[in-house]
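Below you'll find the structure, written out as structure tokens, and then a few comments.
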Amino acid sequence: KKRLIKVVVPPGVKEGSKLRLKSMGKITPEGQRGDLFLKVAVTNMTN
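Our numbering numbers the first residue of the sequence shown as 1066 and each following residue consecutively.
Following this line, the structure appears as structure tokens:
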């Protein structure tokens, strides 16, 4: 199942930092939803 989520990255977050999204991860065998972790990667955008 795919979901589209919007994440606001706070100013000053450095490359390699991890962001935790509470209760956005997989469902455990006990029926609880885990946390989703995102690792920040910075790319240069050109026009």
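Think of the CB as a built atom: it goes at the ideal place given N, C-alpha and C, for glycine as much as any other residue.
All figures in this text were calculated on a predicted structure; none of them were measured in a lab.
Residue range of the beta strand (DSSP E) that includes residue i
i        : result
Leu-1086 : 1083–1086
Leu-1103 : 1101–1104
Cβ-Cβ separation, residue j to residue i (assumed contact under 8 Å), whole Å
i        : j        : result
Leu-1086 : Leu-1101 : 4 Å
Val-1105 : Gly-1081 : 6 Å
**Study point:** Cβ contact check for the stretch 1070–1079 and the stretch 1092–1099: 3 or more pairs under 8 Å
**Key:** no
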